[in-house]
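Asks: Under my numbering, read the sequence shown as residues 159 to 324, first letter to last. Every residue gets a Cβ at the ideal spot worked out from N, C-alpha and C, and that includes glycine. It should be emphasised that the depicted structure is a prediction, and the values quoted were computed from it without experimental measurement. First the structure, which I've put down as structure tokens, then a few questions once you've had a look.
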Amino acid sequence: MRSLILIFSIILFSLSTTANAQEFQGEFKNWGVFTINQGGQRVCYITSTPIEKKGNYRSRGEPYMLVTRRNSKSEVSINSGFPFKSGSEVTVSVNVRFNYGFFTSPETPEMAWAKSSAADADLIGKMKSGARLTSKGFSKLGTYAQDTYSLAGFTGAYNKMATLCK
């Protein structure tokens with residue numbers, strides 16, 4: 159969990175230079191809950207790092223998954239630890255059965271997001287009842303990474319986040 163908190167601290171610092179101090183709100187098995195004020199608005203995050211990493215890459219930064227909540231809306235994103243191939247789609251699956259395509263953007267090349275608010279909501283519902291989530295994406299160099307996240311503790315972390323940021 160220490161590495162999770164360190165990684166998340168770095169993420170939040172890079173997201174906003176006007177942010178007040180982030181606050182760790184709790185740990186739910188493999189998921190951490192955080193809050194931060196951005197521009198006078200409370201923003202909540204839950205985050206996790208992979209329990210398994212596969213791929214043919216030589217090196218990369220530490221991958222992580224985020225669910226961010228602001229204005230009562232939740233958004234799912236994944237950071238691969240390397241820049242994704244421009245215009246590529248990242249495949250995300252829950253329990254191998256439910257598949258989602260995440261889009262990438264040249265403005266934030268290491269991040270991928272669900273394609274719509276409806277996809278975010280559906281994916282979050284599957285994550286609440288799922289055991290594992292797997293993401294697979296290709297780098298701009300043509301290598302790939304496949305990361306598996308445990309969903310143990312996801313529901314508790316999500317519910318805590320939703321309570322903190324209604």
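Asparagine 188 by DSSP, collapsed to three states: which one?
Replies: The residue given as residue 188 occupies position 30 in the sequence shown. Residue state, collapsed to three classes: coil.
Asks: Mind checking whether valine 248 and glycine 295 have CB atoms under 8 Å apart?
Replies: In the sequence shown, the residue the question calls residue 248 occupies position 90. In the sequence shown, the residue the question calls residue 295 occupies position 137. In this structure, glycine 295 lies closer than 8 Å to valine 248 by Cβ.
Asks: Whole beta strand (DSSP E) runs in the segment 238-298 with 3 or more residues, listed along the chain?
Replies: With a minimum length of 3 residues, the continuous beta strand (DSSP E) runs that stay inside the segment 238-298 are 247-252, 256-262, 269-272, 290-296.
Asks: Return the chain-ordered list of same chain residues with a C-beta closer than 7 Å to the C-beta of glutamine 132, the five sequence neighbours on each side being excluded.
Replies: There is simply no residue 132 to check, as the chain begins at 159 and stops at 324 in what is shown.
Asks: Based on DSSP bridge pairs, tell me the residues matched to glutamine 304.
Replies: As a first step, residue 304 must be located in the sequence shown, where it is residue number 146. Answer is Lys212, Lys294, bridged to glutamine 304.
Asks: Which word fits proline 208, buried or exposed, when buried means at least 16 other C-beta atoms lie within 10 angstroms of its C-beta?
Replies: Position 50 of the sequence shown, counting from 1, holds the residue named residue 208. Proline 208 comes out buried.
Asks: If you check the beta carbons only, do serine 238 and alanine 303 fall under 8 Å apart?
Replies: On the sequence shown, residue 238 is found 80 positions in, with the first residue counted as 1. On the sequence shown, residue 303 is found 145 positions in, with the first residue counted as 1. Yes, these two residues count as a Cβ contact at 8 Å.
Asks: Assuming the contact rule is C-beta atoms closer than 8 Å, phenylalanine 240 and glycine 259 should be a hit. Round their C-beta distance to whole Å, please.
Replies: Position 82 of the sequence shown holds residue 240. Position 101 of the sequence shown holds residue 259. In fact, because the Cβ distance is near 19 Å, the residues do not count as touching under 8 Å.
Asks: Give the DSSP bridge partners of methionine 223, in chain order.
Replies: Position 65 of the sequence shown, counted from the start, is the residue given in the question as residue 223. Its beta-bridge partners are Ser206, Ile236.
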